[in-house]
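Residue 159 in the working numbering sits at position 76 of the sequence shown, and the numbers go up by one each step.
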Amino acid sequence: MFEFAWPWIFVLLPLPWLMRLVLPVADSGEPALKVSFLADLEGLARRRARANLPAWRQQAPFILLWLILLIAAARPQWLGEPLPIAASGRDLLVAVDVSGSMDFPDMQWQDEEVSRLSLVQHLLGDFLESRDGDRVGLILFGSQAYLQAPLTFDRRTVRVWLDEARIGIAGKNTAIGDAIGLALKRLRLRPAQSRVLILVTDGANNGGEINPLTAAKLAASEGVRIYPIGIGANPEDSGSTGLLGVNPSLDLDEPALKAIAEITGGQYFRAHDGLELQAIKDTLDQLEPVTQQPTQARPAQALYHWPLALALWLSLLLVVRELWPDNPLQRLFSKQLYLQSPLPDWRQRLQRLRLRRRR
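Shown next as structure tokens:
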């Protein structure tokens, strides 16, 4: 179905004529020639003299150009058939730790050692992109928490932003409480029983301004469920050590993460390797969707570029007519086109008329 997105634009149609009435007449700067024998010339030509084309002929190209520009400004578009948007789903935020320890390569995936953040980007990225009907968002936190992607149905873009996350972009520490607080701020305005936060970290809270347990209690009062995921290999199973000879897995505060899950009615998961994180992803996929208000969307195809291109083409023709008078377009608009009959040699008749006056 064809329609104009902004049909009120057409109220501007009489604007040029209103400006002509209000503004003073501009001086053309061209000299004018007055002759006393104009009536004789009109008799020879057998028609009244006109300096230019009739007013409507002069204005017609510009009226057409103005109308085309208004059509383009009104945003013409073609609307397709209504497409249903999933009427059930959750508002799901994922908060990912990007502190320095997440770069530790102690995770196994497809027989290769990868960093903790790389594994999270791979598996949770697939999880986010497959959440049909859910609004998903992304929080990155380190010393501070940042909203990387607000809640949206554009899950592909959220996946891209997760893949582009880099270690240390939010600071070196781990502010779990701030991440929960930021998620609560974004989820509290959403429908109840549809608010979910997945918290991925490999350490303990050592930064920020909010205590994680205090933030968890506030989240529970707002109906936000938190599913913490502790990531990192067992210190006994991993022979790798950090820069100071200490395995970063020792920093994981599992009791605090379990308490957060218990307070909010969620569930704590521990991911020692890629297979366990894959199993956690499958478990999260089984979250029951909550019925919400059904919505529909109609795809719109913009058509404004067609009248805009036509206006540009007409403008070029008018410029050509002005700068190069001797062209077919100028002859088309010239006064001679509208003469009823060809004129005789008026120069000879004018010379005869002057001779008669001298006598």
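A virtual CB, placed ideally from N, CA and C, is assigned to each residue, including glycine. On a predicted model such as this, the values are computed, not experimentally measured, just so you know.
Problem - Exposure label - Asn-288; buried when at least 16 CB within 10 Å - result: Residue environment: Asn-288 is assigned as buried (16 or more neighbouring CB atoms within 10 Å of its CB, all protein chains considered).
Handout entry: Assumed close pair Phe-210, Arg-199 - CB separation to whole angstroms, cut-off 8 Å
Key = The pair is not a contact, with the Cβ atoms about 16 Å apart (cut-off 8 Å).
Handout entry: Range of the contiguous beta strand (DSSP E) that encloses Leu-282
Key = Going by DSSP, Leu-282 is part of the beta strand (DSSP E) stretching over 278-284.
Handout entry: Spatial distance of Ala-88 from Leu-162 (CA atoms)
Key = Taking C-alpha positions only, Ala-88 is separated from Leu-162 by approximately 10 Å.
Practice task
Go ahead and label Ser-184 buried or exposed: buried means 16 or more other beta carbons lie within 10 angstroms of its beta carbon, across all protein chains shown.
Solution key: Around the Cβ of Ser-184, a 10 Å sphere holds 16 or more other Cβ atoms; the residue is buried.
Practice task
Consult DSSP for Asp-334 and reduce its assignment to one of helix, strand or coil.
Solution key: DSSP places Asp-334 in the helix class (H, G or I) of the three-state scheme.
Problem - Option in Thr-240, Ser-201, Ile-151 with minimal Cα separation from Arg-218 - result: The candidate whose alpha carbon is nearest that of Arg-218 is Thr-240.
Practice task
Count the C-beta pairs between the region 348-357 and the region 263-270 that are closer than 8 Å, then say yes if the count reaches three, no if not.
Solution key: They do not touch, by the three-pair rule.
Handout entry: Beta-carbon separation (whole angstroms), Leu-335 vs Ala-178, contact threshold 8 Å
Key = Rounded, the Cβ-Cβ distance is 16 Å, inconsistent with contact.
Exercise for the section: Let me know if Met-190 comes out buried or exposed under the rule of 16 or more other beta-carbons within 10 Å of its beta-carbon. Expected result: That one is buried.
Exercise for the section: Let me know the secondary structure DSSP gives Met-190 once reduced to three states. Expected result: Met-190 carries a strand assignment under DSSP once its states are collapsed to helix, strand and coil.
Problem - For Glu-196, the first and last residue of its enclosing beta strand (DSSP E) - result: Looking at the DSSP string, the run of the beta strand (DSSP E) that includes Glu-196 is 195-197.
Problem - Close Cβ partners of Gln-160 (< 7 Å) along its chain, the five nearest in sequence each way excluded - result: So the list reads Glu-86, Ala-88, Ala-383, Gln-384, Ala-385, Leu-386, once near-sequence residues are dropped.
Problem - Pair within 8 Å by beta-carbon distance, Ala-262 and Ile-309 - result: No, they are not a contact pair.
Exercise for the section: Determine the direct distance from the alpha carbon of Glu-292 to that of Ala-253, and round the result to whole angstroms. Expected result: Taking the straight line joining both Cα atoms gives about 15 Å.
Problem - Whole beta strand (DSSP E) elements within the region 149-179, 3-residue minimum - result: Whole beta strand (DSSP E) segments, 3+ residues: 159-162, 166-168.
Practice task
Could you tell me whether the Cβ atoms of Leu-360 and Leu-202 are closer together than 8 Å?
Solution key: Result yes, Cβ atoms of Leu-360 and Leu-202 sit closer than 8 Å.
Exercise for the section: Could you please give the first and the last residue of the uninterrupted beta strand (DSSP E) stretch that includes Val-453? Expected result: With the chain covering 84 to 442 only, the question about residue 453 has no answer from this structure.
Practice task
Excluding the 5 residues preceding and the 5 following Met-341 in the sequence, name in chain order all residues of the same chain whose CB lies nearer than 8 Å to its CB.
Solution key: Note on residue identity: the sequence assigns Lys, not Met, to residue 341. Pro-311, Tyr-351.
Exercise for the section: Output the distance between the C-alpha atoms of Ala-380 and Glu-164, rounded to the nearest integer angstrom. Expected result: When only Cα atoms are considered, Ala-380 and Glu-164 end up about 9 Å apart.
Handout entry: Beta-carbon gap between Gly-313 and Asp-285 smaller than 8 Å
Key = A contact, by the Cβ cut-off of 8 Å.
Practice task
Answer with buried or exposed for Ala-362, where buried requires no fewer than 16 other C-beta atoms within 10 angstroms of its C-beta.
Solution key: Here Ala-362 is exposed: its Cβ has fewer than 16 other Cβ atoms, across all protein chains shown, within 10 Å.
Handout entry: Three-state class that DSSP yields for Pro-382 in the structure shown
Key = The answer is coil: DSSP assigns Pro-382 none of H, G, I, E or B.
Handout entry: Assigned secondary structure, Gln-231 (DSSP; H/G/I helix, E/B strand, else coil)
Key = Here Gln-231 carries a strand assignment [DSSP, helix/strand/coil].
Practice task
Classify Gln-231 as buried or exposed, calling it buried when 16 or more other Cβ atoms lie within 10 Å of its own Cβ.
Solution key: By the neighbour-count rule (16 or more Cβ atoms within 10 Å), Gln-231 is buried.
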